[in-house]
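S.K.:
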Amino acid sequence: MDEGELIDAMAVALADLPGVTINFTQPMAMRLDEVVSGVKADVAVKVFGPDNPTLEKLGEEIRRVLETVRGAADLQVEVLSRGRAGADRPRPRADGPLRPQRRRRADLVETAIGGATATEILDGPRRFAVVVRFPDELRRSPEAIASILLTAPGGEKVPLGNVARIATPQGPEAISHESGQRRLVVQTNVRGRDIGSYVAEGQKLVRAKVTMPSGYHAEWGGQFENQARATKRLMIVIPASLAIIFLLLFLTFRLARQAALVILNVPFALVGGVAALWLRGLNLNLSASVGLHRPLRRRGPERRRDDHVDEPPARGGATWSCGLRS
Numbered sequence: 066m067d068e069g070e071l072i073d074a075m076a077v078a079l080a081d082l083p084g085v086t087i088n089f090t091q092p093m094a095m096r097l098d099e100v101v102s103g104v105k106a107d108v109a110v111k112v113f114g115p116d117n118p119t120l121e122k123l124g125e126e127i128r129r130v131l132e133t134v135r136g137a138a139d140l141q142v143e144v145l146s147r148g149r150a151g152a153d154r155p156r157p158r159a160d161g162p163l164r165p166q167r168r169r170r171a172d173l174v175e176t177a178i179g180g181a182t183a184t185e186i187l188d189g190p191r192r193f194a195v196v197v198r199f200p201d202e203l204r205r206s207p208e209a210i211a212s213i214l215l216t217a218p219g220g221e222k223v224p225l226g227n228v229a230r231i232a233t234p235q236g237p238e239a240i241s242h243e244s245g246q247r248r249l250v251v252q253t254n255v256r257g258r259d260i261g262s263y264v265a266e267g268q269k270l271v272r273a274k275v276t277m278p279s280g281y282h283a284e285w286g287g288q289f290e291n292q293a294r295a296t297k298r299l300m301i302v303i304p305a306s307l308a309i310i311f312l313l314l315f316l317t318f319r320l321a322r323q324a325a326l327v328i329l330n331v332p333f334a335l336v337g338g339v340a341a342l343w344l345r346g347l348n349l350n351l352s353a354s355v356g357l358h359r360p361l362r363r364r365g366p367e368r369r370r371d372d373h374v375d376e377p378p379a380r381g382g383a384t385w386s387c388g389l390r391s
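Numbering-wise, the numbering used here comes out as the position in the sequence shown, counting from 1, plus 65.
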C-alpha cells in the first residue's frame, strides 16, 4: 500500500466521526506551511472583511465551489462561531413573588453546566480542584436545563424555564486577524493533480460563482503561494543561466554558430527528467522544476583530458597542433 492508498483508507475510516475535520499531512510539511503562510494545507483561500457572519457565509460558498473541483481533499472551513447555552433573559410572564433573584439564577446555571469548585485535594506539593456539576442527562439539552428547579425567596420551587429563556446563541470562538483585518480561511489539500492547475480552475470558478460584497476580498495562499513565488524566480533564473552559458560558449569557440549549436542541446537534456516524471505518475511541482534545472548548471564549456584543438594553417603551409592537458 502506497501513501495515497493509505490516506484514502484512513479518510474513509475517519469520515463517520461527527464534528471532526481531518487534514492529512506530514510533521515537517505542516510546520513549514504554517510558518510560511499561516495555514496547514496545500491551498488556502483567505477571505478578509469586517463582519464574522458575512465571512462565514462567504467561506461556505467558496467551500461548495471548491469541492466540485477535481483533486480537492480534506476540504474545510475555519470555524469562527460555536453554540453556547444562555439563561440570562427574564420572562415577564413569570409571577413576581415566585421570581428568584437574577444572581441566584446565574449561579445555578454556572454550577449546573460549567461546574463550581467545591474544595481542593492536596497531594504533596500539588493541588487538585474538586469540581461539582449536574450529571449529563440534566444539562445535555436546553429542555433539560429549563426543567432545573429554582427555590424562590418564599421557598417555592420554580422551573428555570419559567423565569428565563434558554437558548443556544452563536458566539465567536476565535477572531483571526491578518494585516489588520478579520480573516477566515478555507483550506484544502490536492491529490491526483498538480496544485497549479487546481488553483487556476478554482480561481476561475470562485470568481464566476462567488460575489464579494464591498469591503471583502479573497487571497490565495498555502503551498501554492510558495510555488508561485518560486516559479516567478525561476522565470528569471533560467533565462539568465542560459544567457551566461551562451556567453561562456561564445568566449570559448569565438563563433556564435557553434555556441548556439551547443545551447540547442539543453532542451533535450530535460527529456529524461520529464519522461521519469511521466513514468512514475508524478506531477510537475516545485521540487521537480528545481531538479530539471540542475542540468543547466552543467552545460558550460568543458574540456576533457587529452582534447586537441587544431589551429588553422598559418601562411607558409605550416600546421600547428595544440594539445590541452589538465
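All residues carry an ideal CB built from backbone N, CA and C; glycine is no exception.
Kindly list the residues whose CB is nearer than 6 Å to the CB of Leu249, restricted to its own chain and excluding five residues on each side of it in sequence; keep chain order.
M.R.: In the sequence shown, the residue the question calls residue 249 occupies position 184. Excluding residues within five positions, the ones whose Cβ falls inside 6 Å are Val112, Leu120, Gly124, Glu143.
S.K.: Determine the contact status of Gln292 and Gly261, defining contact as a CB-CB distance below 9 Å.
M.R.: Here the question's residue 292 lines up with position 227 in the sequence shown. Here the question's residue 261 lines up with position 196 in the sequence shown. A contact, by the Cβ cut-off of 9 Å.
S.K.: Quick one: what's Leu249 bridged to in DSSP?
M.R.: Translated into positions along the sequence shown, residue 249 becomes position 184. According to DSSP, which records beta bridges pairwise, Leu249 is partnered with Val112.
S.K.: Leaving out five residues on either side along the sequence, give the residues of the same chain with a beta carbon under 7 Å from the beta carbon of Arg128.
M.R.: The residue given as residue 128 occupies position 63 in the sequence shown. For Arg128, where only same-chain residues beyond five positions count, the Cβ hits under 7 Å are Leu140, Val142, Val251.
S.K.: To the nearest angstrom, how far is the alpha carbon of Gly365 from that of Asn330?
M.R.: Your numbering for residue 365 matches position 300 in the sequence shown. Your numbering for residue 330 matches position 265 in the sequence shown. Here the model assigns Gly365 a pLDDT of 45, short of 50, so the residue's position is not dependable and the matter cannot be decided.
S.K.: Kindly indicate which three-state DSSP category Gly261 falls into: helix, strand or coil?
M.R.: Working through the sequence shown from its first residue, we reach residue 261 at position 196. Residue state, collapsed to three classes: helix.
S.K.: Does the Cβ of Ala177 have 16 or more other Cβ atoms within 10 Å, making it buried, or fewer, making it exposed?
M.R.: In the sequence shown, counting from the first residue as 1, residue 177 sits at position 112. Buried: at least 16 other Cβ atoms inside 10 Å.
S.K.: Which one or two residues does DSSP pair with Leu187 in a beta bridge?
M.R.: Taking the sequence shown and counting its residues from 1, the one referred to as residue 187 is at position 122. DSSP output for Leu187 lists Arg192 as bridge partner(s).
S.K.: Shortest alpha-carbon distance to Gly69 belongs to which of Ala305, Asn254, Ser306?
M.R.: Looking up residue 69 in the sequence shown gives position 4. Taking only the C-alpha atoms, the option nearest Gly69 is Asn254.
S.K.: Suppose contacts are defined by Cβ-Cβ distances below 9 Å. Is Ala106 in contact with Asn88 by that definition?
M.R.: What you label residue 106 is simply residue 41 of the sequence shown in a count that begins at 1. What you label residue 88 is simply residue 23 of the sequence shown in a count that begins at 1. A contact, by the Cβ cut-off of 9 Å.
S.K.: Taking a contact to mean a Cβ-Cβ separation below 9 Å, would you say Leu203 touches Leu173 in this structure?
M.R.: The residue labelled residue 203 in the question sits at position 138 within the sequence shown. The residue labelled residue 173 in the question sits at position 108 within the sequence shown. Cβ distance not < 9 Å, so Leu203 and Leu173 don't count as in contact.
S.K.: What's the C-alpha gap between Ala78 and Pro190?
M.R.: Counted from its first residue, the sequence shown places residue 78 at position 13. Counted from its first residue, the sequence shown places residue 190 at position 125. Distance between the alpha carbons of Ala78 and Pro190: 44 Å.
S.K.: What do you reckon, are the CB atoms on Gly286 and Pro115 nearer than 9 Å?
M.R.: Translated into the one-based positions of the sequence shown, residue 286 becomes position 221. Translated into the one-based positions of the sequence shown, residue 115 becomes position 50. For Gly286 and Pro115, no; Cβs fall outside 9 Å.
S.K.: What's the C-alpha gap between Leu342 and Arg258?
M.R.: Residue 342 sits at position 277 when you count from the first residue of the sequence shown. Residue 258 sits at position 193 when you count from the first residue of the sequence shown. Straight-line Cα distance between these residues: approximately 13 Å.
S.K.: Leaving out five residues on either side along the sequence, give the residues of the same chain with a beta carbon under 7 Å from the beta carbon of Ile72.
M.R.: Along the sequence shown, one-based indexing puts residue 72 at 7. So the qualifying residues of the chain are Phe89.
S.K.: Based on the DSSP output, what are the partners of Trp285 in its beta bridges?
M.R.: Mapped onto the sequence shown, residue 285 falls at position 220. DSSP lists Val110 as partners of Trp285.
S.K.: Starting from the C-beta of Val264, find all residues in its chain whose C-beta is less than 7 Å away, skip the five residues before and the five after it, and write them out in chain order.
M.R.: As a first step, residue 264 is located in the sequence shown; it is residue number 199 there, counting from the start. So the qualifying residues of the chain are Val108, Trp285, Phe289.
S.K.: Quick test of your reading: Glu175 and Ala181, contact by CB under 8 Å. State the CB separation rounded to the nearest angstrom.
M.R.: For this step, residue 175 is matched to residue 110 along the sequence shown. For this step, residue 181 is matched to residue 116 along the sequence shown. Sure, about 7 Å apart at Cβ, within 8 Å.
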